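Quick notes on the structure that follows.
Protein chains in written order, with our numbering: chain A, 1 to 242; chain B, 1 to 483.
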């Protein structure tokens with residue numbers, strides 16, 4: 001059992017593929033992520049000032065000249081960089097790499113709130129708890145027991161729904177098998193109505209994500225910075241329907 | 001120290017030569033000696049005189065520190081960082097700007113004193129201590145900011161390498177930890193460097209005071225008697241520290257610049273930030289020394305004897321040179337960015353000059369380059385203390401604008417235009433920044449009445465080594481090498 005777990009641990013390298021050609025920008029992923037990860041709502045004014053806590057955001061760009069404009073959507077979340085700029089700058093190891101899942105972890109209890117990681121993230125994927133955000137009743141009942149509720153003064157960001165990864169692994173090992181493609185689906189991928197988000201193990205060359213990463217439409221955001229993002233975007237432009 | 005040396009004054013000099021010698025004496029403190037005891041009394045008097053005005057300032061500033069700094073900070077701790085204006089993508093604002101500003105000022109204080117001591121610049125003698133004190137109190141004000149800007153200040157000690165049950169150390173790869181260690185190093189070494197030349201003056205004050213003052217000075221004088229062996233050791237120690245603190249200053253302020261330079265932020269990631277920050281620190285620090293000297297000269301008793309126009313003149317030249325050096329680095333940043341052709345960096349630098357906050361950028365250039373270059377070449381301006389006061393304050397306004405441009409304005413326009421944002425400081429941040437300014441002035445006011453702001457023994461030593469000697473028909477100043 002322990003050996004099995006160790007072997008799985010070695011093999012895990014989680015990644016995500018987002019097909020921008022079929023993303024409609026509906027924000028279902030944003031909502032699902034907020035519900036899954038106990039993300040507080042900050043109110044209209046704070047949101048407008050740029051203090052929204054969403055771990056996943058839809059970046060909307062306009063293409064063309066007015067009035068001939070078309071919207072362009074790009075869901076942006078923590079890219080779980082293989083060589084993450086946020087990690088070396090934290091003075092207290094509150095953000096660090098998990099050896100098992102090979103994703104970036106944020107240890108809320110350890111964070112002292114220097115916010116250096118957020119400055120250094122080229123994707124602006126990190127959000128800061130500016131206040132203690134109250135979750136009014138009865139909405140406090142929706143809180144997900146698998147996810148820590150954060151207090152003021154700490155940084156947070158997308159975890160690739162690490163609680164679901166852990167659950168998937170436990171499930172698989174309880175059934176005495178190895179973790180398979182499709183065992184783990186993060187909240188955003190689960191909620192996407194056009195199935196634009198695919199999640200899986202990149203170290204398995206036959207997994208759906210591995211196949212999609214090899215697509216000729218694939219690109220990684222700001223890859224030239226050497227961050228080795230684990231999120232791949234697919235964008236083919238007009239001929240693919242984009 | 002040997003017996004008093006009588007300056008050479010040509011007794012049979014012609015009226016013309018006499019007036020020339022008088023002029024030299026009026027101009028140079030070193031050629032205008034005063035009996036030692038009289039000078040000691042002057043400094044003691046300057047130190048013990050507290051006017052009604054002084055008390056009003058101390059009480060007013062004390063209240064301001066309590067309310068603007070600690071009161072508002074307490075409110076921020078209790079409510080959350082959100083009361084500050086920072087937001088995505090600008091996670092660092094006024095706090096870090098003011099932090100770099102104070103650290104810059106403080107680094108230059110000791111540096112100015114040490115470099116002038118090492119190069120035996122004689123004009124340094126009356127104001128080294130004023131500059132060193134600026135370092136100590138600048139650090140006291142600046143070192144609060146790494147705490148103030150923390151989201152959870154109550155666990156700040158996790159940044160300190162201390163043994164704990166979890167076997168957790170700070171992350172030594174983080175520039176913030178280097179910064180923490182560098183500032184601590186500088187605080188310690190500059191405090192020792194401040195204290196060493198203070199010992200003989202403490203002994204002087206001990207011998208001329210009673211009551212609580214006598215008690216304090218007795219403690220701080222460490223039993224100084226003024227024997228030859230004591231002087232020998234003191235000189236050796238001061239000399240070691242003066243040499244050692246110069247590389248420390250360079251490395252420490254380079255490390256402060258690495259808070260930015262080692263990051264991935266476009267506009268921060270730069271290999272010239274180390275020297276750029278050092279030059280900026282010296283520019284703002286020398287200017288702050290002049291500002292302080294002007295205030296000391298115009299508010300404290302007998303200070304116009306010690307602080308003369310020659311000092312403003314000499315420091316004015318230094319400011320002009322450092323302003324030129326600063327401009328070189330500023331230009332360098334642009335030309336290298338242009339040559340490198342990085343689109344994001346080009347965007348950031350263009351927006352500094354054309355974006356919504358471009359006035360900050362222009363303020364920086366006007367105050368740091370235009371004003372010193374237009375005025376400081378002029379000897380008359382350099383020798384007019386109140387003009388120097390205004391110019392040096394403006395230089396520091398410009399240096400503040402420089403840090404503001406580098407920090408929030410650069411963070412606001414990074415690689416993804418969707419995440420561009422403007423940062424508006426709130427009253428909370430401004431209040432805390434003003435609070436630390438009040439803290440600095442408050443500490444300086446208190447210190448000005450407790451320790452001698454003029455290193456008397458150094459002035460006396462200098463006056464002993466300087467004489468007017470007659471060569472042919474003219475009298476020329478001569479300096480004897482003492483060390």
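Where is the CB? At the ideal position from N, CA and C, for every residue including glycine.
Fair warning: this is a prediction, and the values are worked out from it, not measured in the lab.
- When CB distances to chain B are screened at a threshold of 7 Å, the residues of the stretch 70-95 of chain A falling below it are 85, 88, 89, 90, 91, 92 and 93, in chain order.
- For residue 443 of chain B, same chain residues with a beta-carbon under 7 Å away, outside a window of 5 residues either side, are 137 and 140 in chain order.
- Residue contact check for residue 425 of chain B against chain A: no CB pair falls below 8 Å.
- Going by DSSP, residue 76 of chain A is part of no alpha helix (DSSP H) but of the beta strand (DSSP E) stretching over 70-76.
- DSSP assignment within the stretch 38-117 of chain A yields the following whole alpha helix (DSSP H) runs of 4 residues or more, N-terminal first: 44-48 and 86-89.
- From the beta-carbon of residue 124 of chain A, the residues of chain B found nearer than 8 Å are 88, 89, 414, 416 and 419.
- The straight-line gap separating the alpha-carbon atoms of residue 119 of chain B and residue 111 of chain B is approximately 12 Å.
- Look at the stretch 240-253 of chain B: it has no residue with a C-beta under 9 Å from a C-beta of chain A.
- When only Cα atoms are considered, residue 305 of chain B and residue 186 of chain B end up about 32 Å apart.
- Taking 8 Å as the CB threshold, residue 225 of chain A lines the interface with chain B.
- If you look at residue 40 of chain B, you'll find it in the alpha helix (DSSP H) that goes 36-48.
- With respect to the C-alpha of residue 25 of chain B, the residue from B:479, B:471, B:467 and B:480 having the closest C-alpha is B:467.
- Contact with chain B is found for residue 118 of chain A, since one of that chain's Cβ atoms lies less than 8 Å from the residue's Cβ.
- Residue 155 of chain B reaches chain A at 112, counting residues in chain order whose Cβ is nearer than 8 Å.
- When DSSP states are grouped into helix, strand and coil, residue 179 of chain A belongs to the coil group.
- Residue contact with chain B for residue 222 of chain A: present (Cβ-Cβ distance below 8 Å to some residue of chain B).
- For residue 153 of chain A, the C-beta contacts it makes with chain B under 7 Å involve 80, 81, 151 and 152, in order along the chain.
- Residue pairing by DSSP places residue 19 of chain A opposite A:234 in a beta bridge.
- In the structure shown, the three-state DSSP call for residue 435 of chain B is helix.
- Per the coordinates, the alpha-carbon of residue 349 of chain B lies some 14 Å from the alpha-carbon of residue 329 of chain B.
- Close partners of residue 171 of chain B in chain A (Cβ separation under 8 Å): 88, 90, 91, 92 and 93.
- Close to residue 175 of chain B, with beta-carbon spacing below 9 Å, are these residues of chain A in chain order: 88, 89, 91 and 116.
- Between the stretch 227-238 of chain B and the stretch 288-303 of chain B, the count of C-beta pairs closer than 8 Å stays below three; the two stretches do not touch.
- Beta-bridge partners of residue 197 of chain B (DSSP): none assigned.
- Burial is judged here by how many other beta carbons sit within 10 angstroms of a residue's own beta carbon; residue 45 of chain A has fewer than 16 and is exposed.
- Just so you know, the alpha carbons of residue 52 of chain B and residue 131 of chain A end up roughly 44 Å apart.
- For residue 127 of chain A, the neighbours in chain B by C-beta distance under 8 Å run, in chain order, 88.
- For chain A, the residues of the stretch 258-269 of chain B that bring a beta carbon within less than 7 Å of one of its beta carbons are 263, 264 and 265, in chain order.
- Within the stretch 120-194 of chain B, the runs of alpha helix (DSSP H) at least 4 residues long that lie entirely inside it are, in chain order, 128-142 and 145-148.
- For the stretch 399-412 of chain B, the set of positions with a beta-carbon nearer than 8 Å to some beta-carbon of chain A reads 411 in chain order.
- Secondary structure of residue 154 of chain A (DSSP, three-state): coil.
- Taking C-beta atoms under 8 Å as the contact rule, residue 402 of chain B and residue 280 of chain B qualify, at a distance of about 6 Å.
- Here the alpha carbon of residue 122 of chain B sits roughly 8 Å from the alpha carbon of residue 116 of chain B.
- Its Cα nearest to that of residue 28 of chain B, the residue B:383 stands out among B:383, B:46 and B:96.
- Per DSSP, the unbroken beta strand (DSSP E) holding residue 200 of chain A starts and ends at 197-201.
- A contact is defined here as three or more CB-CB pairs under 8 Å, and the stretch 93-112 of chain A fails this definition with respect to the stretch 68-76 of chain A.
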